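Below: one structure, written as C-alpha cells.
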Amino acid sequence: MYLSYYSVYVKRYTKYILTALIIICLCFPARSQSADRETTLSGLVVDQAKSPVAHATITLDGKNVGKTNAKGLFTISFSKNTPLNLRISSIGKKVFSEKVSRDELNAGTKVFMLEEEVNQLEAIEILGLSKVDEVNKQSFNVTALDATKLHNTSMDVGQLINRVSGVRVRESGGLGSQTAISLNGFTGNQVKLFLDGLPIDNYGSSFQINNIPINYINQIEVYKGVVPVWLGGDALGGAINLVKNTKVGNFLDASYSYGSFNTHRANFNLGYIAKNGFTLELNGYKNYSKNNYWVDINVVPDIESGVTIPDRVRRFHDQYDNQMLGVNVGVSNKKWADQFLVGLQLGDNHADIQTGNRMDDVFGARFREGTIILPSLYYKKDDFLLEGLDISLRGSFNLGKEKNVDTVYRQFNWYGESIPKGQNSSGGEVSRELYTYKNNNGNAALNVKYAINPTNTLYFNNTFTSTDRKGENPLQPDNDFYKQPKQLQKNITGLALGNADIKNMVNQVFIKHYAQHVHSYQVNNNVYSDYEESRNMLGYGLASSYALGINSQVKFSYEKTYRMPAVDELFGDVINLTANPQLKPESSHNFNLNVNHTFLWKEKNALSISADGIYRQAKDFIRYVNSASNNNNNMLQMAQNQRDVNNIGADFEVHYAYERKLNIAGSVTYQNLRNRTKYETSTTDVSIFYKDRLPNIPYLFGHGDISYEWKDVLLPNSNLKLGAYVYYVHDYFLRWPSAGAANTKEVIPEQLSYDASLVYSFASGKYNIGIDGRNLSDALLYDNYMLQKPSRNFSIKFRYTITK
C-alpha cells in the first residue's frame, strides 16, 4: 500500500520535472543548428599524464563557447567565416592557444594537451589538493580528503574523517564498536553518510564508518551544513560522501595488517575493463579483533561477596568479526551507457557486547550479529539523448538480517567470573532475548544534470528509501511488541540551478521537497494500536562562492532543511536504543561562511588557511535521553525532540608544506549549542535548562599533524614517510549543566592522545610497508561517558598495488 503510494508520487512529480527539463533543452537551438551552415570542431583535452581535463574553458576569438565535459571532450560549432583562434584554459594548467587550420575541421576528434603551470601545480600538489581541488572549489562549504595518500596505513575511514575541522567520530570502544559522527554540533543520524552519492542507511551493521578500511575509499567529501541537491539526503547538519577505490583501466590493490589485541585487517580491490567494454569490479575486506584492551574500572565486585575494588583489567568478551565481498559486472564506454553495472554485496558481522552504556555493567555472553545481502544497479550516461544532458541511476535493496542474543541466565564480573542470576530476574543478562529481524531496506536515486549553456546548469535528484521491519523472538512468542507494524517510506526531490555567469563567482539556488510516511504503533495502558502519519515539507537554499584570485575564495551558503527520524530512532535497535514511534522531524535554518587562502613564496613554500563560521537555528532537535522505561544502565537511551536549539560555532584550519617533503597541519573547532526552549511544560515557568549548553556533545576540540618524506632511501624509486599526530577534546558534561551540584556532575574528561606512523614504499609504490602506533601515551580515552577506548596499540601493514 505504502510503496504504491510513493510509486505514484515519484511517477507524478518526476514526470513533470523531466518534461520541463526536456522542454528547456529544446529551447536552445544553438545545440542543433544545420550541419550545412556550420563547421564543427571536436576535441579531447588531456594533461601531460594523458588524463582527461574536465571543465576546461573553450574560447574562440575571445568569446566563451563552451567547456569540456567530465571526459575532457568538447564539440563547438561555428560559421566558416569565423576567425579560428582557439584558446583552452584550466586552473593549474598553461593556457593553450593556436590557430586551427581548416583541414582539422569536421575531421574527427583532435587531441589538445595542456601543460602544467609549474608554480601553481607544485603548490597544489604539496598541499595534497590536486585530486580533490575541484570538489573543494565548489560553492558549498565542503572539505575533500584524498584517502589514497593514507592507503599504506592501518587506519579506517572514521580515523581519517577525525582529521577534518568541525568533525568528530565518536566510538563506544574498539574495532567494530558503535559510532556516531558529530559535525558542527549535529550528530548521529543528523549527519548523513553516502557511498558514491547513494545513502547507505540500508547497509546494516556490517558496513559502518569504523569497519571500512581506508583502501576501500579513494576520496572523502565532507559537506558542512548545506548539502547539494545531487546527494539527495535529508541531512540536518551535513553529509559525508565516500568515493570508492576505482581507477581507469585494470588494477589490483591488496593489503593485510596485524596489530595489538589480535587484530587482523585485510582488503583487496580489483578492476578490469576489456577492450570490448566488459567491466568487472571486485572488492572485499576482513576485520577481526579480540578487542581485549586494558581498561581501568572503579568498582570491580567480587562475584561471591559483592565487595568492590578498583582494578585495571582486560576486556574479555568483546570479539568482533566482520567480512564483506562485493562484485559489479557490466559494460563501460558504450554508446548507450558510459557504465552499466549489476552488483551484489555480501557480508556479515559478529560483535560481542561487553558493557551497557557504562562499564559498571559488564556482560559475558550477550552478542549481536548481522548479515548483508544487497543486490544493486548502476547506470550512467553523459550526453544522454542531448548534448550536455547527463543522467545516473543507482538502486539497491538489502535482504540481510540483524540479530540480538541474550540467553545466558548468569551475572558476570570484570574477571570473567559468573554466578546464576536471582530468581526475580527477567532472564538473560538483561532481558531474555533472541530477536531476529529484517529491515527490508531499499533505496533508489536518480540524478539528472543539464548544461543549458557554458555558464548555467540544471540539477535534478529524486531519492526514495523504504523500510519494512519484520522480526520475531522465539523466546517471547506472545510479546505483542514484536507483532507491531514498523514501516517507513521517505522520498526527497530536489531541483537546483547553478550559474557561473559573473566573473569569478559561482552560485546555486535550490528547492527540496521532503515526504515521509510512518506506519507504526502507539501504546496506551499496555494496549497497542495502529499509528500512521504522513508528512510533506518544502526546503530551499542557496550556495555562492567568489574567487578573490587564483588562491583565495569566499563561500556563503544558507538552507532551510528538514531531517526525518531514522529507523532505529522510531523503532529502536533492541540493544541500546528504545523505540519512539511518535518522534517528530527536525528542521533547521543553516548559515555557513567560509574564507580560504593559499600563500605561495619562493616556489617551494605553501601555506593554506581556512576559516568557517556557522549558525544553526533548529526546531524539534532530536537528542538521546535516558529512556523512562529503562532506568537501569543496560539500555542506552530514547530519541526525543528538543523544541528549540541554537548553535553558533567556528573552526579554523591551517596547512603548511615545503616542497613535497614537509607537511604541517592543524585545526581547532568551537561549537556552542544552546537550549533555547524557554518553557518546557507550561507558559509561565521558565525551564531551569533554558540557555544551557546541550549535554553530551563535545564543544571544543582540535588536531595537529606533521610528516616528512625522504626519496630514494635504500632503493631507487622508493619513499620513506614519518608522521606524528595529536588529538585534543575539551571536557564536557554528560547531563544538563544546571542539573545537580558542581561536585556531583558527570563529566566526559579532557582527552589528549598521540599517534605516529612510518611508511616505506619501493618499486614506485608497488610494494609498501606501514607501521602505526596509536594512543602512544596510553591515556584513558573516552568518546562516551564511562566507555573507555583502546589503550596503547600498534599495527603493521603490507600492501601490494599494480595498475595497467
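When we follow this note's numbering, the leftmost residue of the sequence shown carries the number 6, and every step to the right adds one.
Glycine residues also receive a C-beta, built at the ideal position from the N, C-alpha and C atoms.
Predicted model only: the values in this text are computed from it and were never measured.
Taking the C-beta atoms as reference points, Gly709 is found no nearer than 8 Å to Gly654. Look at the region 742–791 and you find these whole runs of beta strand (DSSP E), each 3 residues long or longer: 756–767, 772–779, 787–789.
When the alpha-carbon of Tyr290 is set against those of Ile278, Asn274, Asn90, the nearest one is in Asn274. In this structure, Asn146 lies away from Val234, with their beta-carbon atoms at least 8 Å apart. For Ser549, the CB contacts under 8 Å within the same chain, skipping 5 residues up- and downstream, are Ser144, Met510, Val511, Asn512, Gln513, Lys560, Phe561, Ser562 in chain order.
When C-alpha distances from Phe799 are compared across Tyr551, Arg679, Asn267, the shortest belongs to Asn267.
Burial is judged here by how many other beta carbons sit within 10 angstroms of a residue's own beta carbon; Pro204 has at least 16 and is buried. Within the same chain, Cβ atoms closer than 6 Å to the Cβ of Tyr261 are found at Ala271, Phe803, the five residues on either side in sequence being excluded. Using a Cβ distance threshold of 8 Å, Glu574 and Gly544 do not count as a contacting pair. In this model, Asn748 and Leu379 are separated by some 51 Å (Cα to Cα). Buried is the label assigned to Val196, since at least 16 other Cβ atoms lie within 10 Å of its Cβ. Leu605 carries a strand assignment under DSSP once its states are collapsed to helix, strand and coil. Two segments are said to touch when three or more pairs of C-beta atoms, one from each, lie closer than 8 Å; by this definition the region 306–325 does not touch the region 403–415.
Met569 and Ile776 have their C-alpha atoms some 43 Å from each other. Taking C-beta atoms as the reference points, Asn610 and Tyr663 count as a pair closer than 8 Å. The region 323–381 contains, as complete beta strand (DSSP E) runs of 3+ residues, the segments 325–337, 344–357 (chain order). For the 8 Å CB-CB criterion, Leu349 and Val332 form a contact. Burial is judged here by how many other beta carbons sit within 10 angstroms of a residue's own beta carbon; Gln527 has fewer than 16 and is exposed. Of the residues Lys683, Thr603, Leu605, Asn69, the one whose Cα lies closest to the Cα of Lys624 is Lys683. According to the DSSP secondary-structure assignment, Lys794 is paired through a beta bridge with no residue.
Sorting Asn504, Asp617, Gln647, Asn484 by C-alpha distance to the C-alpha of Arg679 places Gln647 at the top. With a cutoff of 8 Å on beta-carbon distance, Asn652 and Gly190 are scored as near each other. According to the DSSP assignment, Val511 belongs to the beta strand (DSSP E) that extends over 510–529. DSSP places Glu286 in no alpha helix (DSSP H) but in the uninterrupted beta strand (DSSP E) bounded by 283–294. Secondary structure remark: continuous beta strand (DSSP E) runs of at least 3 residues inside the region 391–440, in chain order: 394–403, 407–411, 415–417, 423–425.
In the three-state DSSP reduction, Ile214 falls in the coil class, being neither helix nor strand. In the displayed model, Phe576 falls within a helix according to three-state DSSP. Taking C-beta atoms under 8 Å as the contact rule, Gly181 and Ala356 qualify, at a distance of about 5 Å.
The Cβ atoms of Ile166 and Val227 lie closer than 8 Å to each other. The DSSP-derived three-state label of Lys454 is strand.
Tyr263 is a Cβ neighbour of Ile801, given a cutoff of 8 Å. The three-state reading of DSSP puts Val50 in strand, counting E and B together. Your pair Leu439 and Val410 checks out as a contact, with CB atoms roughly 6 Å apart and the cut at 8 Å. Taking 8 Å as the cut-off, the Cβ atoms of Thr462 and Asn446 do not count as close. Put simply, the backbone Cα of Leu612 is about 21 Å away from that of Leu155. Counting along the chain, Ile225 sits inside the beta strand (DSSP E) bounded by residues 222–229.
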